[in-house]
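In what follows, a single structure is set out as structure tokens and then discussed.
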Amino acid sequence: VHLLRNAGNEVTITVEYLREAPAFLKLPLGSPGPSSDHSSGASSPLFDSGLHLNGNSSNTAPSSPSSPIAKDPRYEKRWLDTLSVPLSMARISRYKAGAEKLRWNAFEVLALDGVSSGILRFYTAQDGADWLRAVSANIRELTLQNMKMANKCCSPSDQVVHMGWVNEKLQGADSSQTFRPKFLALKGPSFYVFSTPPVSTFDWVRAERTYHLCEVLFKVHKFWLAEDCWLQANLYLGLQDFDFEDQRPYCFSVMAGHGKSHVFNVELGSELAVWEKSFQRATFMEVQRSGSRTYMCSWQGEMLCFTVDFAMGFTCFESKTKNVLWRFKFSQLKGSSDDGKTRVKLLFQNLDTKQIETK
Numbered sequence: 010v011h012l013l014r015n016a017g018n019e020v021t022i023t024v025e026y027l028r029e030a031p032a033f034l035k036l037p038l039g040s041p042g043p044s045s046d047h048s049s050g051a052s053s054p055l056f057d058s059g060l061h062l063n064g065n066s067s068n069t070a071p072s073s074p075s076s077p078i079a080k081d082p083r084y085e086k087r088w089l090d091t092l093s094v095p096l097s098m099a100r101i102s103r104y105k106a107g108a109e110k111l112r113w114n115a116f117e118v119l120a121l122d123g124v125s126s127g128i129l130r131f132y133t134a135q136d137g138a139d140w141l142r143a144v145s146a147n148i149r150e151l152t153l154q155n156m157k158m159a160n161k162c163c164s165p166s167d168q169v170v171h172m173g174w175v176n177e178k179l180q181g182a183d184s185s186q187t188f189r190p191k192f193l194a195l196k197g198p199s200f201y202v203f204s205t206p207p208v209s210t211f212d213w214v215r216a217e218r219t220y221h222l223c224e225v226l227f228k229v230h231k232f233w234l235a236e237d238c239w240l241q242a243n244l245y246l247g248l249q250d251f252d253f254e255d256q257r258p259y260c261f262s263v264m265a266g267h268g269k270s271h272v273f274n275v276e277l278g279s280e281l282a283v284w285e286k287s288f289q290r291a292t293f294m295e296v297q298r299s300g301s302r303t304y305m306c307s308w309q310g311e312m313l314c315f316t317v318d319f320a321m322g323f324t325c326f327e328s329k330t331k332n333v334l335w336r337f338k339f340s341q342l343k344g345s346s347d348d349g350k351t352r353v354k355l356l357f358q359n360l361d362t363k364q365i366e367t368k
């Protein structure tokens, strides 16, 4: 290459026969000129380029590959698959089953039908991180294709915004923590939690849990970076505050009503960023669609209706007469608290008196 770069406009190349070429290219055994060491048909794995002969397997010298004779051998590029793992709806795990120890140079790919790649180990953490990102990118692309197909059967107000595999943190009775794979989806007005991905329109009604997007709170946990070259090779989000509250990095939580909170973990920082952006987008779209939400409540012993209008603010009125008891804008809300069960306290500032009113 160096000589060609520094040569003039015209070069003369002399082509000579290389005795080691037939073994390297897996040429027919009768090719002229190979050494006796290679004529036995055995080849070193170090020189297996993946080219294999399909056809004549005898030791007689075959005709040239360009020969028009139909029975002549043909050369073809052929990969010998030890195992094939479909990546559509597949998931990746870097943790040992039942353990929280991160594999610094290995991961496992598990297909939707249960087929596993086994533990794929790499020589360096960088190699493992490169392969992890490559496989994740392929899975993400296939997931986008599945989303497009699903959205063709859905109304504009019920489109799939994002979906994918995560790990949910479960708290045991003995304070132990375990993670279980879950498949999450943001579709229309709802947030879905599945044990297995939905592959048909009927599967969407079989979710383990379903929450309204206007009634959940998404939060990214503080990101910590261990002294692990695998993590250092991953995409770093740029957050500077680290803590060890979670045993796994790349965690986020979804808080629902009555203080119910779900903690999830993903494998890559880029996935965490996508989930955060997707939740913001899906929630914003649902707020625009719904406009307001009304709930039955009790206030000072009376059964009333409490409305949160995303454009106007808060309104409390009698359910029968529709008589408005009080109304405040979002800008007047100065604080809020709840008991995690049924009671909510809202602090509003009166525009006239500037005093704080408690509801």
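If you count the sequence shown from 1, you need to add 9 to reach the numbering used here.
Even for Gly, the Cβ is constructed at its ideal location relative to N, Cα and C.
Note that this is a predicted model, so its numbers are computed, not measured.
Beta-bridge pairing of residue i - partner residues as DSSP gives them
| i | result |
| --- | --- |
| Lys8 | In the structure displayed, the chain extends from 10 to 368; residue 8 sits before or after that span and is not available. |
| Lys191 | Val175 |
| Glu311 | Trp308 |
| Thr219 | Tyr201 |
| Ala143 | Partner(s): none; Ala143 has no beta bridge. |
| Asp347 | Val353 |
| Val170 | In the DSSP output, where bridge partners are listed per residue, Val170 has none listed. |
Nearest to residue i (by Cα), restricted to the options the options
| i | options | result |
| --- | --- | --- |
| Val229 | Glu217, Val214, Val283 and Asn160 | Val283 |
| Asn92 | Ala194, Val124 and Trp335 | The identity of residue 92 in the sequence shown is Leu, whereas the question assumes Asn. When each option's Cα is compared against that of Leu92, the closest is Val124. |
| Phe319 | Trp308, Phe293 and Leu226 | Phe293 |
| Arg298 | Gln168, Glu285 and Met158 | Gln168 |
| Ser204 | Trp213, Asp212 and Lys191 | Lys191 |
| Thr303 | Glu295, Cys314 and Gln309 | Cys314 |
| Val94 | Thr210, Glu117, Leu342 and Ser164 | Glu117 |
| Gln341 | Asn155, Thr330 and Lys363 | Lys363 |
| Leu334 | Ser307, Lys350 and Asp347 | Ser307 |
| Met369 | Ser209, Gly173 and Ala138 | Because the chain here runs from 10 to 368, residue 369 falls outside it and cannot be looked at. |
| His221 | Phe211, Gln186 and Tyr201 | Tyr201 |
| Phe211 | Cys162, Gln186 and Ser166 | Cys162 |
| Glu276 | Leu111, Gln154, Thr21 and Phe326 | Leu111 |
| Thr351 | Glu327, Asp361, Gly266 and Glu285 | Gly266 |
| Leu119 | Arg28, Ser102 and Glu327 | Ser102 |
| Thr21 | Arg28, Leu27 and Leu13 | Leu13 |
CB contact below 9 Å: residue i versus chain C
| i | result |
| --- | --- |
| Trp308 | Protein chains in the displayed structure number just one, and chain C is not present. |
Residue burial classification, residue i (beta-carbon count within 10 angstroms, cutoff 16)
| i | result |
| --- | --- |
| Gly344 | exposed |
| Pro207 | buried |
| Pro198 | buried |
| Val272 | buried |
| Val24 | exposed |
| Glu280 | buried |
| Met305 | exposed |
| Asn176 | buried |
| Cys260 | buried |
| Ser145 | buried |
| Ala291 | buried |
| Met312 | exposed |
| Leu141 | buried |
Secondary structure of residue i, DSSP reduced to three states
| i | result |
| --- | --- |
| Gln289 | helix |
| Arg149 | helix |
| Ala120 | coil |
| Thr362 | coil |
| Lys354 | strand |
| Ala159 | helix |
| Arg298 | helix |
| Arg257 | coil |
| Leu13 | helix |
| Phe273 | strand |
| Trp213 | helix |
| Leu27 | coil |
| Phe339 | helix |
| Val2 | With the chain covering only 10 through 368, there is no way to say anything about residue 2. |
| Gln154 | helix |
| Ala99 | coil |
| Ala138 | helix |
| Gln125 | The sequence shown places Ser at residue 125, not Gln. It is a strand residue. |
Same chain, Cβ closer than 7 Å to residue i, five either side skipped, listed in chain order
| i | result |
| --- | --- |
| Ser287 | Val170, His171 and Leu195 |
| Thr367 | Lys354 and Leu356 |
| Val296 | Cys223 and Phe319 |
| Ser301 | Thr316, Val317, Asp318 and Phe319 |
| Trp174 | Arg100, Pro190 and Phe192 |
| Ala216 | Tyr201, Val202 and Phe203 |
| Lys359 | Residue 359 is actually Asn in this sequence, not Lys. So the list reads Glu366, once near-sequence residues are dropped. |
| Pro165 | none |
| Asn332 | Phe326 |
| Phe339 | Gly322 |
Residues near residue i in its chain [Cβ-Cβ closer than 6 Å; skip 5 each side]
| i | result |
| --- | --- |
| Ser97 | Leu151 |
| Phe337 | Gly322, Phe323 and Phe357 |
| Ile148 | Leu96 and Ala99 |
| Asn160 | Gln168 and Val169 |
| Ile128 | Ala115 and Glu117 |
| Trp409 | Since the first and last residues shown for the chain are 10 and 368, residue 409 lies out of range. |
| Asp347 | Val353 |
| Met264 | Leu226 and Ser270 |
| Ala79 | Since pLDDT at Ala79 reaches only 48, below the 50 mark, its modelled position is unreliable, and the value read off the structure follows with that caveat. Contacts found: none. |
Residues near residue i by beta carbon distance below 8 Å, same chain, minus five either side
| i | result |
| --- | --- |
| Phe188 | Tyr104, Glu109, Asn176, Glu177, Lys178, Leu179, Arg257 and Asn274 |
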